[in-house]
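Student: Here it is: the structure, laid out below.
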Amino acid sequence: MRFIIFFVLSVFFLAELIYHSSNEIKYVSVASWNLENLFDTEDDPLTEDEEFTPDGSKNWTEDKLESKLNNLHKVIKFINNGNGPDVIAVQEVENLNVLQFLIKKCRYFRKYEAVHFESPDKRGIDVALLYDKNIFKPVKKFAHRVDLEFETRPVLEAVLKHTSGDTISFFVNHWPSRKGGKDLSEKYRMEASETLKSAIEQNFNNYQSGNIIILGDFNDEPGDKSISNLIENNSFNLLNLAENISLSDSGSYLYKGNWDMLDQIIISEKMTRCRIKYSDNSFKIVKPEFLITKNGKYKGSAIPTFGGKDYHGGYSDHFPVTANFLICN
Numbered sequence: 003m004r005f006i007i008f009f010v011l012s013v014f015f016l017a018e019l020i021y022h023s024s025n026e027i028k029y030v031s032v033a034s035w036n037l038e039n040l041f042d043t044e045d046d047p048l049t050e051d052e053e054f055t056p057d058g059s060k061n062w063t064e065d066k067l068e069s070k071l072n073n074l075h076k077v078i079k080f081i082n083n084g085n086g087p088d089v090i091a092v093q094e095v096e097n098l099n100v101l102q103f104l105i106k107k108c109r110y111f112r113k114y115e116a117v118h119f120e121s122p123d124k125r126g127i128d129v130a131l132l133y134d135k136n137i138f139k140p141v142k143k144f145a146h147r148v149d150l151e152f153e154t155r156p157v158l159e160a161v162l163k164h165t166s167g168d169t170i171s172f173f174v175n176h177w178p179s180r181k182g183g184k185d186l187s188e189k190y191r192m193e194a195s196e197t198l199k200s201a202i203e204q205n206f207n208n209y210q211s212g213n214i215i216i217l218g219d220f221n222d223e224p225g226d227k228s229i230s231n232l233i234e235n236n237s238f239n240l241l242n243l244a245e246n247i248s249l250s251d252s253g254s255y256l257y258k259g260n261w262d263m264l265d266q267i268i269i270s271e272k273m274t275r276c277r278i279k280y281s282d283n284s285f286k287i288v289k290p291e292f293l294i295t296k297n298g299k300y301k302g303s304a305i306p307t308f309g310g311k312d313y314h315g316g317y318s319d320h321f322p323v324t325a326n327f328l329i330c331n
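Here the working numbering is used: position 184 in the sequence shown is 186, and no number is missing along the way.
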């Protein structure tokens, strides 16, 4: 009799386990992060990277690089409940070589591969997209040149196919800085905005899925002209997930005591109602306690690697941003 009761209970609990496993919520975790000058220690004769060498002004040694890689790895793993994101867009990386160093650090929790192009930027800083190869397969990649009077980072396009069979088109951005003043430099970010719009138009013509995720450091906020131009003046519908964050007393980057929401995730409206759809209110700025400056004039900001010329040994001067996308049957 006891055996029968035990058997019945075992079957019941097994059925419950199977039921909950089959009904487990599946989602894609996406993130974006400006890594603040992730350089290797070698001098590239084709770029102005001399300050990030052992003999340069930053005294950028192998030990400092190793420390930074460990710090970046720690934050990336923290995202998505300690599992790391499925996809992460990164900015301010010098080359594929140093990116592979970071991927190797993350290999114990993610099987990342990189989509990357060498940038014509005079400092040699690039953008890239890391994706878990167990979840996504690459379909297409392209670098869209931003045509300015000086060289800058291209808009990176990567079309990935999810294990569900759905494709998602990612656009990684690092728009020209506000050097020289926000107003004077605005035209450069407007040109980047136009480049991105054109790239999205081409994508819509080539792919019918309409699943588009735009990420990066835009060096402008959701209400600024370059972002409004992207959102409003087009033949497709886009939603800026960072829009409401920017209206509050918070941001992804602290500059002279003021918060800026420079790091954003923008999606096609279709991604609010498709098989892979945005999980409401999942967009957030990632601010673990260990990443936050606790005192001083930069209190509340992300702990940087450098503050001006001073070495802080931190992570990055930007906080990452993240969002989740549900996979619906």
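For glycine and all other residues, C-beta sits at the position ideal for the given N, C-alpha and C.
In chain order, what residues of the same chain have a beta carbon less than 7 Å from the beta carbon of I233, not counting five sequence neighbours either side?
Tutor: L240, N242
Student: Residues in its own chain within less than 8 Å of E203 by CB, not counting five upstream and five downstream?
Tutor: N236, S237, F238
Student: Hey, could you find the ends of the beta strand (DSSP E) S31 is sitting in?
Tutor: Unbroken beta strand (DSSP E) run through S31: 29–40.
Student: Just to confirm the assignment, what range does the beta strand (DSSP E) spanning I278 have?
Tutor: 278–280
Student: Quick one: Cα of I247 to Cα of I329, how far?
Tutor: 25 Å
Student: Excluding the 5 residues flanking L150 on each side, which residues of the same chain have their C-beta closer than 8 Å to its C-beta?
Tutor: Residues P178, Y190, E193 of the same chain have their beta carbon placed closer than 8 Å to that of L150, with the five preceding and five following residues left out of the count.
Student: Could I get the ranges of all uninterrupted beta strand (DSSP E) runs contained in the stretch 239–322, with 3 residues as the minimum, in chain order?
Tutor: 240–242, 255–257, 260–262, 265–270, 278–280
Student: Would a C-beta distance cut-off of 8 Å place K332 and N136 closer than the cut-off?
Tutor: The first residue shown for the chain is 3 and the last is 331, placing residue 332 beyond what the model contains.
Student: When you compare only the Cα positions, how much space is there between L162 and M263?
Tutor: 27 Å
Student: Excluding the 5 residues preceding and the 5 following I169 in the sequence, name in chain order all residues of the same chain whose CB lies nearer than 8 Å to its CB.
Tutor: The sequence as given places Thr at residue 169; Ile does not occur at that position. Within the same chain, T169 has close Cβ partners V141, V161, L162, K163, Y209, S211, N213.
Student: Express the C-alpha separation of G315 and T165 in angstroms, rounding to a whole number.
Tutor: 39 Å
Student: At which residues does the beta strand (DSSP E) containing N175 begin and terminate?
Tutor: Membership of N175 in the beta strand (DSSP E) is indicated by the continuous run 169–176.
Student: Assuming V92 contacts V129 under a Cβ cut-off of 8 Å, what Cβ separation, rounded to an integer in Å, is found between them?
Tutor: Confirmed, about 7 Å.
Student: By the DSSP assignment, the beta strand (DSSP E) with E44 in it spans what residues?
Tutor: Per DSSP, E44 belongs to no beta strand (DSSP E) and is neither H nor E.
Student: In whole angstroms, what is the alpha-carbon distance linking K139 and P87?
Tutor: 16 Å
Student: Got a sec? Which residues, its chain only, sit under 7 Å from P156 by beta carbon, not counting five neighbours each side?
Tutor: Closer than 7 Å at Cβ, skipping near neighbours: F119, S121, A145, H146, R147, V148.
Student: Going by the CB atoms, is the gap between I287 and F321 shorter than 8 Å?
Tutor: yes
Student: Enumerate in chain order the residues of its own chain whose CB-to-CB distance from C276 is below 7 Å, with the five nearest sequence positions on each side excluded.
Tutor: N213
Student: Taking the beta strand (DSSP E) that V129 falls in, what are its first and last residues?
Tutor: V129: member of the beta strand (DSSP E) spanning 128–134, first to last residue.
Student: Taking Cβ positions, are V77 and Y317 nearer each other than 8 Å?
Tutor: Yes, Cβ-Cβ distance for V77 and Y317 is below 8 Å.
Student: From this set, T49, G182, F54, which residue's C-alpha is nearest E153's C-alpha?
Tutor: T49 is the residue among T49, G182, F54 whose C-alpha sits nearest the C-alpha of E153.
Student: I need the DSSP call for G212, collapsed to helix, strand or coil.
Tutor: coil
Student: Secondary structure at T324, three-state DSSP: helix, strand or coil?
Tutor: Looking at T324 - three-state DSSP - the assignment turns out to be strand.
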